[in-house]
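K.L.:
In full-length UniProt numbering, the protein residues as written are 1 to 234.
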Ligand code: ATP
C-alpha cells in the first residue's frame, strides 16, 4: 500500500479547472518528482495534497485514510509538511524563530530538532540569530525546508525549491534530500529543472495542462518522451 496517493483528483479556481483526474502514488521512503511547464498544475497538486485546496474525501489518501476534506493544519499535524513555492519565511523573525514555528501543532516525535536541522544546513546554525531579511535566497530556502522538517513529517512536499537560485546553491540544497530521506521521510519534489528532478527522484511524473502525461523511473524515460509529455507531441 502506498503511503500517500491521489485518486481522480480535480481542482478548480472558480470556473477554471486546474486539475483533471490526477492519480499519483508515493511509497514509504520514496522520492517522486513532479515536472512540467509553467501553469501545468504542479503547485495546485501540492496545495490539494496539503489541504490548502479541499477535495472529495477519497481524492487524497494518506496511510489509507481519506484526507481530501481535512484542513491544512490537521493534515500537517498528521505528518504531511509543505515547503511552499517562494519560501514564505517570516522576514522579521530570526532563523531560529522561523524554525521553531515549524514545531507548532507538532504531534510526531522524530529525528528533526534545531540541532539536527543545523547539522543538515550548518550555515543556519551559524546564522541562527539573523533575521530572515538578512539571509541570501539559498539560506531562506534552507530555513523553509528546515521549518517544514521541524514538524517531523512522514511526507515532505517541496515546491520548486531551486527557483531563482544559483546552480552552486541548488546543489547545496539538493544534497540535503537523500539525508532527509534517510531520516525517514518520503518526498514529493516539484521541479521545473528536469535534470535536477531526474537526479533526485526514484520515479517521475510529468504534468501538462492539469493532467499526468508520463510516469516512470528516470532510467526508463527517454528525452523524447519527456519532451512530448512536457510540451505536447507534434
Ligand atoms: P508554476 O511553475 O508557474 O508554479 P504550476 O505547474 O505550479 O506552475 P499552478 O500554479 O498549479 O501551475 O497553476 C495551474 C493553473 O491554475 C494555471 O493555469 C494557473 O494560471 C491557474 N491558477 C493557479 N492559481 C490560481 C488562482 N489562485 N486563481 C486562478 N487560477 C489559478
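Each residue gets a CB set at the ideal place from its N, CA and C atoms; glycine is no exception. Since the model is a prediction, treat every value here as computed from it, not as a measurement.
Please confirm if the region 9-25 is in contact with the region 53-60, defined as three or more CB-CB distances below 8 Å between the two stretches.
P.N.:
A contact exists between the region 9-25 and the region 53-60.
K.L.:
Spatial neighbours of residue 108 within its chain, please: C-beta separation below 6 Å, excluding the five flanking residues on both sides.
P.N.:
Counting from one through the chain shown, the residue named residue 108 turns up at place 108. Excluding sequence neighbours, residue 108 sits near 79 and 152.
K.L.:
DSSP three-state label for residue 159, please.
P.N.:
Position 159 of the chain shown, counted from the first residue, corresponds to residue 159. DSSP places residue 159 in strand when its eight states are reduced to three.
K.L.:
Can you tell me which of 219, 36, 98 and 123 puts its alpha carbon nearest to the alpha carbon of residue 169?
P.N.:
Taking the first residue of the chain shown as 1, we reach residue 169 at position 169. When each option's Cα is compared against that of residue 169, the closest is 123.
K.L.:
How many angstroms separate the CA atom of residue 85 from the CA atom of residue 101?
P.N.:
Position 85 of the chain shown holds residue 85. Position 101 of the chain shown holds residue 101. Cα to Cα, the separation comes out at about 18 Å.
K.L.:
Please name the residue, chosen from 210, 197 and 138, that lies closest to residue 219 on a Cα-to-Cα basis.
P.N.:
Taking the first residue of the chain shown as position 1, residue 219 is located at position 219. Comparing Cα positions, the closest option is 197.
K.L.:
Anyone know if the C-beta pair for residue 184 and residue 154 falls short of 9 Å?
P.N.:
Numbered from 1 along the chain shown, position 184 holds the residue referred to as residue 184. Numbered from 1 along the chain shown, position 154 holds the residue referred to as residue 154. A contact, by the Cβ cut-off of 9 Å.
K.L.:
With three or more beta-carbon pairs closer than 8 Å as the criterion, would you say the region 155-174 touches the region 65-82?
P.N.:
Cβ pair count under 8 Å is three or more, so yes.
K.L.:
The alpha helix (DSSP H) with residue 117 in it runs from where to where?
P.N.:
Counting from 1 along the chain shown, the entry for residue 117 is found at position 117. From DSSP, the alpha helix (DSSP H) with residue 117 extends over 114-120.
K.L.:
Beta-carbon separation of residue 43 and residue 188 under 9 Å?
P.N.:
As a first step, residue 43 must be located in the chain shown, where it is residue number 43. As a first step, residue 188 must be located in the chain shown, where it is residue number 188. Against a cut-off of 9 Å, the Cβ pair of residue 188 and residue 43 comes out as no contact.
K.L.:
Should residue 34 and residue 150 be called a contact, given that it needs their Cβ atoms to be closer than 9 Å?
P.N.:
For the purposes of this step, residue 34 is taken as the residue at position 34 of the chain shown. For the purposes of this step, residue 150 is taken as the residue at position 150 of the chain shown. Not a contact, by the Cβ cut-off of 9 Å.
K.L.:
Where does residue 235 fall in DSSP's three states?
P.N.:
The displayed coordinates of the chain run from 1 to 234. Any statement about residue 235 would go beyond what the structure contains.
K.L.:
If I measure Cβ to Cβ from residue 51 and keep anything under 6 Å in the same chain, skipping five residues before and after, which residues do I get?
P.N.:
Numbered from its first residue, the chain shown carries residue 51 at position 51. Closer than 6 Å at Cβ, skipping near neighbours: 70, 71, 72 and 75.
K.L.:
Where does residue 92 fall in DSSP's three states?
P.N.:
As a first step, residue 92 must be located in the chain shown, where it is residue number 92. Residue state, collapsed to three classes: coil.
K.L.:
Looking at the structure shown, is residue 45 part of a helix, part of a strand, or coil, going by DSSP?
P.N.:
Mapped onto the chain shown, residue 45 falls at position 45. Helix.
K.L.:
If you compare alpha carbons, which of 26, 146, 2 and 214 is closest to residue 112?
P.N.:
Indexing the chain shown from 1 puts residue 112 at position 112. The shortest Cα separation from residue 112 among 26, 146, 2 and 214 belongs to 146.
K.L.:
Considering just the uninterrupted stretch of the alpha helix (DSSP H) at residue 174, what are its terminal residues?
P.N.:
Stepping through the chain shown from its first residue, residue 174 is reached at position 174. Segment 167-174, the alpha helix (DSSP H) holding residue 174.
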